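A quick write-up on the structure given underneath.
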Amino acid sequence: MLFYRSNGQHHGEFLNTTIASDNLSLNYTGSLDRSATYRDGDGDKVLDTLYRSESHAITIGAKGQDQEVIVKLTHQEVPYQGFPNQYMDMVGNKSNGVSVNYLRDFNWIKLDALFSWNDVEHEMGFFTKEKTGTMPMSTDGRDVGYVIKAEFPLTEQYTLRVGNEYHHYKLDDWWPAVPGSMMMGPDTYVNINDDERDRYALWAESEYRINPQWTTVAGIRYEHVITDTDDVQPYNTMPMIMMSTNLDAVAAEAFNGRNHKQVDDNIDLSLMFRFEPSTEETIEFGYARKSRSPNLYERYSWGRNTMAMTMIGWYGDGNGYVGDIDLDPEIAHTLSASYTKRSQDDSWEFTINPYYTYVDDFIDATQIGSFHPRMVMSVTRPLLQFTNIDAEFYGLDLNGSRSLWNSSAWGSGIMRGQIAYTRGKRKDGPEDLYHIMPLNVKIALEQILGQWTNILELEWADKKDQVDQIRLENDTAKYTLLNAFTEYRWNSTIINFGVRNLLDESYDLPLGGVSIAQWRDEGMVGQFDSLAGPGRSVELGVRYQF
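Heads up: the sequence shown runs through residues 139 to 684, numbered per the working numbering.
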């Protein structure tokens with residue numbers, strides 16, 4: 139497959155090929171994807187949105203009468219990728235992985251065993267004139283583990299599933315000294331030193347079909363999580379310029395002087411009921427308890443200097459963060475339900491899904507200070523520490539489809555629609571939570587006529603004014619996008635043509651964060667603007683199947 143998108147001169151190639159016999163198979167998938175900086179609906183460049191990515195995967199399968207072995211080798215390389223909403227970009231990312239999956243059917247038990255290994259080498263820095271600087275950052279991560287599942291069909295109505303998992307994750311994150319820099323040297327800044335996280339899990343799930351209408355599924359999972367890390371070090375221990383105290387040196391001493399090992403015992407529960415009064419209706423409702431231990435950065439990032447804190451975080455908000463060793467795991471309690479109604483002839487269908495989640499010890503952030511980005515005194519951003527709070531989320535998802543026509547002259551036509559609404563709030567105050575998508579709607583009209591498939595799609599998002607005041611999250615305006623696509627199939631060839639954002643709408647991404655690259659390019663005047671979405675883009679793709 140070959141594809142091209144005009145906005146950003148985005149183009150790439152994709153290959154998927156398989157050779158197989160009755161018992162053996164060999165599959166290769168590979169892709170090359172690259173893009174320059176895209177432009178918004180006003181024709182302006184959205185700086186630092188360029189990237190290049192390459193991935194390869196080889197899958198070997200062997201199948202017997204009642205067993206199967208699948209071996210998969212993966213490699214991905216991203217030589218560069220701009221992050222307009224971060225202070226730094228990615229200048230290298232190499233990932234290699236191996237997985238072995240064994241499946242066996244013993245009639246009385248179905249066994250599924252997966253063993254995996256993955257290694258990542260990651261570098262951050264600067265590579266483009268759209269966001270310049272000098273500061274190397276290196277990260278090495280390795281994940282090794284297994285998942286073993288067994289399914290026991292005890293009766294025609296009752297099925298029991300059990301499992302055991304183990305995942306070991308090791309992480310190192312260090313920032314080499316910058317020659318000639320008094321601030322970033324002379325030593326290597328050790329941000330994460332031989333951090334380890336071990337997860338041991340046991341779980342069981344029972345599915346009981348009470349009668350043709352009623353089904354229950356109940357599950358329990360116990361997870362034992364151990365995290366630990368070695369001592370850290372700053373670039374130096376000398377007093378910083380214009381400061382009497384080296385905050386990173388003090389923070390490193392305090393961090394190294396205490397016990398780092400943390401142990402979490404997490405229990406997850408689930409109970410779901412499904413009622414199917416007829417083939418046209420399905421009702422589901424249930425409860426779930428889900429736990430999440432803090433990740434290694436939430437728990438073990440330690441730097442208190444502004445520069446170090448702004449290197450922590452994946453939110454794209456332009457703020458600084460520091461971890462907390464004593465963070466507790468999150469515990470989310472969710473009540474949800476869904477109702478699906480469909481016609482006897484499958485000409486229409488809709489689903490409504492309301493939900494409510496209360497999270498004990500949700501990992502959020504509390505302000506502990508402030509700073510001026512790049513010493514611009516007119517701009518002030520918060521310095522934050524990861525902390526536990528209580529929070530709640532609630533929302534509603536609607537999905538539906540309707541057949542509109544079916545004739546020899548016009549083919550078949552169907553309309554599909556999605557509506558999604560989510561709200562997230564802190565329970566200790568009126569503040570809204572960060573990164574919550576506002577009310578959004580997607581409607582698509584699809585026509586299939588012979589070898590042609592045509593789609594006209596409308597996307598709408600409401601204004602985002604329920605924002606996180608602690609993080610200084612920006613409001614965004616409502617917007618409407620119109621997309622059009624067509625596909626033609628001719629023997630083994632498929633040709634795709636389309637236009638995204640047909641009307642060249644100018645809009646900001648509600649979940650895009652702020653554009654640090656743009657702020658720097660415009661002379662660092664004023665506050666951070668929201669990251670703009672892409673303007674009109676013409677797409678062309680060609681696939682050949684054989």
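Every residue, glycine too, gets a C-beta built ideally from N, C-alpha and C. These figures come from a predicted structure and were not determined experimentally.
Mind checking whether residue i and residue j have CB atoms under 8 angstroms apart?
| i | j | result |
| --- | --- | --- |
| T444 | G458 | yes |
| Y572 | Y617 | no |
| G519 | G456 | Reading off the sequence shown, one finds Arg at residue 519, where the question assumed Gly. For R519 and G456, yes; Cβs fall inside 8 angstroms. |
| D570 | D528 | no |
| Q214 | S233 | yes |
| L434 | L309 | yes |
| I506 | Q523 | yes |
| D127 | A655 | Only positions 139 to 684 of the chain appear in this structure, which leaves residue 127 out of reach. |
| T495 | A475 | no |
| E597 | R554 | no |
| T365 | R335 | yes |
| V355 | M321 | no |
| N231 | H260 | yes |
Output the distance between the C-alpha atoms of residue i and residue j, rounded to the nearest integer angstrom.
| i | j | result |
| --- | --- | --- |
| V209 | S675 | 39 angstroms |
| S382 | L534 | 53 angstroms |
| T591 | S541 | 15 angstroms |
| E487 | E345 | 26 angstroms |
| L678 | I633 | 8 angstroms |
| I405 | Y304 | 16 angstroms |
| P222 | Y425 | 39 angstroms |
| G181 | G673 | 7 angstroms |
| W657 | V663 | 7 angstroms |
| P317 | P274 | 11 angstroms |
| S276 | P377 | 25 angstroms |
| P314 | D498 | 39 angstroms |
| D613 | P350 | 50 angstroms |
| E289 | L298 | 6 angstroms |
| G636 | D642 | 14 angstroms |
| T212 | D603 | 42 angstroms |
| I358 | A342 | 6 angstroms |
| D483 | L241 | 37 angstroms |
| F623 | K580 | 15 angstroms |
| S473 | G263 | A small correction: the amino acid at residue 473 is Leu; Ser does not occupy that position in the sequence shown. So the alpha carbons of these two residues sit roughly 44 angstroms apart. |
| V388 | M449 | 18 angstroms |
| S508 | G451 | 15 angstroms |
| Q589 | S630 | 12 angstroms |
| D466 | W548 | 60 angstroms |
| D243 | R480 | 35 angstroms |
| F684 | V238 | 28 angstroms |
| S416 | S539 | 19 angstroms |
Looking only at C-alpha atoms, which of the options sits nearest to residue i?
| i | options | result |
| --- | --- | --- |
| V370 | G555, S429, E391 | E391 |
| Y225 | K248, Y240, T266 | T266 |
| L340 | V300, F244, Q219 | V300 |
| L610 | F253, M275, E192, Q665 | Q665 |
| A615 | D243, L594, P648, L407 | P648 |
| W246 | G456, T504, E294, A622 | E294 |
| A158 | N491, H194, A200 | A200 |
| S169 | G551, R190, I198 | R190 |
| L594 | D160, I608, I286, L619 | L619 |
| E192 | V216, E414, K565, I574 | V216 |
| L536 | P576, T525, I490, D281 | I490 |
How should residue i be labelled, buried or exposed, when 16 other C-beta atoms within 10 angstroms of its C-beta is the threshold for buried?
| i | result |
| --- | --- |
| R396 | exposed |
| N384 | buried |
| K269 | buried |
| T367 | buried |
| Q400 | buried |
| K601 | exposed |
| E419 | exposed |
| W628 | exposed |
| L669 | buried |
| G567 | exposed |
| E468 | buried |
| N90 | This structure cannot speak to residue 90, because the chain is shown only from 139 to 684. |
| P324 | exposed |
| M513 | exposed |
| E660 | exposed |
| I436 | One detail in the question is off: residue 436 reads as Glu in this sequence, not Ile. By the 10 Å Cβ count, E436 comes out buried. |
Which same chain residues, not among the five before or five after residue i, have their C-beta less than 6 angstroms away from its C-beta?
| i | result |
| --- | --- |
| A174 | G146, Q147, L188 |
| I196 | Y166, L211 |
| S550 | N544, I586 |
| N302 | I286, L340 |
To which residues of the same chain is residue i closer than 7 angstroms at the C-beta, ignoring the five residues directly before and after it?
| i | result |
| --- | --- |
| R347 | Q295, T353 |
| V517 | H510, P511, Q665 |
| H362 | Y338, D403 |
| I608 | A503, Q505, P520, E569 |
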